[in-house]
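Numbering (our numbering), first residue to last: 19 to 173.
Glycine residues also receive a C-beta, built at the ideal position from the N, C-alpha and C atoms.
Working notes, structure below.
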């Protein structure tokens with residue numbers, strides 16, 4: 019019954035999903051051992067150490083270790099958050115520098131929609147090695163189908 023799932027499918031699905039598939043559709047009962055899985059946190063905000071208690075890189079890394087979480091996706095602060103703490107540095111440059119040589123932390127940049135250089139911001143995020151872009155339509159007051167966001171999508 020091991021071959022009930024085509025190899026190409028099993029190569030792309032997580033073992034947990036495969037086990038659920040086997041159990042539900044093939045009648046094979048399987049046990050899930052969570053120690054066989056890696057846990058990734060997909061939403062972590064990072065802030066400079068002197069700005070927000072329990073929001074800096076060192077605190078996050080301790081928390082990940084204590085909880086057995088392998089990696090976390092980290093977001094650069096939004097530009098208005100940087101301004102709130104009187105930080106003038108570019109938020110994406112700050113994040114890239116902050117998580118350099120930290121294999122546990124994966125960076126996502128942020129876009130400042132108040133500036134017109136949206137394509138340049140996307141390019142900078144990519145050039146910095148950040149692997150994605152955090153967009154928060156409600157917080158950034160931008161609609162997901164707005165012309166500004168389509169410029170980001172297409173960049």
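Skipping 5 residues on each side, what residues in its chain have a beta carbon closer than 7 angstroms to that of residue i?
i, result
"residue 31", "Residue placement at residue 31 cannot be trusted, given a pLDDT of 40 that sits under 50; what the coordinates show is reported in the next sentence. Cβ within range, chain order: n/a, list empty."
Considering only residues of the same chain and omitting the five flanking positions on each side of residue i, which have a CB-CB separation below 8 angstroms?
i, result
"residue 110", "94, 127, 128, 139, 142, 143, 146 and 148"
"residue 157", "96"
"residue 59", "82, 87, 89, 90 and 91"
What residues are listed by DSSP as bridge partners for residue i?
i, result
"residue 150", "126"
"residue 91", "124"
"residue 118", "In DSSP, residue 118 forms no bridge with anything."
"residue 61", "DSSP, once it has assigned bridges, lists no residue as partnering residue 61."
How would you call residue i, buried or exposed, if buried means at least 16 neighbouring beta carbons within 10 angstroms?
i, result
"residue 161", "exposed"
"residue 57", "exposed"
"residue 67", "exposed"
"residue 85", "exposed"
Please determine, among the options, the residue with the shortest C-alpha to C-alpha distance to residue i.
i, options, result
"residue 166", "157, 158 and 131", "131"
"residue 96", "78, 65 and 135", "65"
"residue 63", "79, 92 and 80", "92"
For residue i, I'd like the list of residues in its chain whose CB is within less than 6 angstroms of its CB, leaving aside the five on either flank, ordered along the chain.
i, result
"residue 113", "94 and 125"
"residue 103", "69"
"residue 72", "none"
"residue 218", "The first residue shown for the chain is 19 and the last is 173, placing residue 218 beyond what the model contains."
Hey, is residue i close to the ligand ADP, as in C-beta under 7 angstroms from one of its heavy atoms?
i, result
"residue 93", "As for the ligand ADP, it is missing from this structure, which has no ligand bound."
Exercise. Would you call the stretch 110-126 and the stretch 149-161 touching, i.e. three or more CB-CB distances under 8 angstroms?
Worked result: Touching, yes.
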